[in-house]
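Its first residue numbered -14, the sequence shown is counted upward by one per residue in this note's numbering.
In what follows, a structure is listed as structure tokens, so that the remarks can point back to it.
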Amino acid sequence: MGISILLQFYFVYRVLKDLQSWKEAPLDCMALSLYQLQAYYYNEIERGLSGLGQYTLALTHSSLKVQEFDYLPTSSPEEIVKRIRDGNIISHEACSAENAEKVSSSNWSSLARAQAILQADNITFDMKLHCFNVKGSSGTTRVVTLFPKESCSCPSTGDCYHRLAVRLCLGMATTKTKAQHNLTQLRKKTRNRNEKKSGRKRPRPNDEDIVPCSKYIITA
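This is the structure:
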């Protein structure tokens, strides 16, 4: 079964290029994109073994032909990152009716899980305790608070999808903005107060690295 090597590299390059265009892609979305690409290659190989698609078995390997195979739900390489970024993988199903299978929640990204919780209306607010009760994909209810400090009763140490779902419900930003550091200002803050302004040709004392002479280096 001759699959073009150039075509394989193009699909991998396309997915990596789309992830690179996504300036700050979450790690789970990157892993999910690579999984979807792997599922695409698996489907193409299985289709070739079944005598379907654009890649077929050579006559010398016709004995390897199979009649049925398990189709993995995925998208074309050109749409993998776009679907994950838009959160359109929640109700994604296989194209074939007899092989239709919904994507399991374990393969969702955090944003997709949060959107699924929001669509299922699994978020309630407790007026007495001033907290949100969020029913996750596993059926366990977690307690989420946003003010004065964000917290969740789940064991996750990072920004979990329970808190993300609450922020989506309230119309808040789903991503936290990172502070932009100005290197010029940081460099000025490290200077001493009595340090004078340097000239065009003469650097400051802290700008030069002192290289000791080899005869003064003590070796054990």
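Just so you know, even glycine gets a beta-carbon here, dropped at the ideal spot from N, CA and C.
Check: How many Å lie between Phe117 and Gly156 at the Cα?
Finding: Counted from its first residue, the sequence shown places residue 117 at position 132. Counted from its first residue, the sequence shown places residue 156 at position 171. One C-alpha to the other measures close to 15 Å.
Item checked: Best match in Leu114, Thr142, Gly124 for proximity to Phe132 [C-alpha to C-alpha] -> Within the sequence shown, numbered from 1, the residue matching residue 132 stands at position 147. Nearest C-alpha to Phe132: Leu114.
Next item on the list: Please name the residue in Glu135, Arg172, Tyr56 whose C-alpha comes closest to that of Leu37.
Entry: In the sequence shown, the residue the question calls residue 37 occupies position 52. Closest option to Leu37, Cα to Cα, is Tyr56.
Check: Beta-carbon separation of Ala99 and Leu153 under 7 Å?
Finding: Translated into the one-based positions of the sequence shown, residue 99 becomes position 114. Translated into the one-based positions of the sequence shown, residue 153 becomes position 168. Yes, the pair counts as a contact, with Cβ atoms nearer than the cut-off.
Notebook entry, point to check: Can you find a heavy atom of the ligand NAD that lies under 6 Å from the Cβ of Leu57?
Noted result: Ligands in the displayed structure: none, and consequently the ligand NAD is not present.
Next item on the list: Going by DSSP, name the residue or residues bridged to Asn118.
Entry: Locating residue 118 in the sequence shown gives position 133, counting from the first residue. Note: Asn118 sits in a beta bridge opposite Thr109, Val128.
Note to self: Using the Cβ count rule (16 or more neighbours within 10 Å means buried), how would you classify Asn177?
What the structure shows: Position 192 of the sequence shown, counting from 1, holds the residue named residue 177. Exposed: under 16 other Cβ atoms inside 10 Å.
Check: Can the beta-carbon of Cys216 be found less than 7 Å from the beta-carbon of Ser94?
Finding: The question about residue 216 has no answer, for the chain in this structure spans -14 to 205.
Next item on the list: Count the CB pairs spanning the region -2 to 9 and the region 28 to 36 that are closer than 8 Å, and state whether there are at least three.
Entry: no
Checklist line | Residues near Pro62 by beta carbon distance below 7 Å, same chain, minus five either side | finding: Here the question's residue 62 lines up with position 77 in the sequence shown. Hits under 7 Å: Phe(-4), Arg(-1), Val0, Leu22, Tyr25.
Check: Under three-state DSSP, which class holds Ser35?
Finding: Sequence index remark: in the sequence shown, residue 35 carries index 50 (1-based). If DSSP states are grouped into helix, strand and coil, Ser35 belongs with coil.
Notebook entry, point to check: Where do the N-terminal and C-terminal ends of the alpha helix (DSSP H) with Lys134 fall, by residue?
Noted result: For the purposes of this step, residue 134 is taken as the residue at position 149 of the sequence shown. Element bounds for Lys134: n/a, residue is neither H nor E.
Check: Considering only C-alpha positions, which residue in the set Ser18, Leu44, Gln170, Val151 is nearest to Pro58?
Finding: Position 73 of the sequence shown, counting from 1, holds the residue named residue 58. It is Ser18.
Notebook entry, point to check: Secondary structure at Tyr146, three-state DSSP: helix, strand or coil?
Noted result: Translated into positions along the sequence shown, residue 146 becomes position 161. DSSP places Tyr146 in helix when its eight states are reduced to three.
Notebook entry, point to check: Any idea if Val119 is buried or exposed, counting beta-carbon neighbours within 10 angstroms, 16 or more meaning buried?
Noted result: Here residue 119 corresponds to residue number 134 of the sequence shown, with the count starting at 1. Buried, since its Cβ has 16 or more Cβ neighbours within 10 Å.
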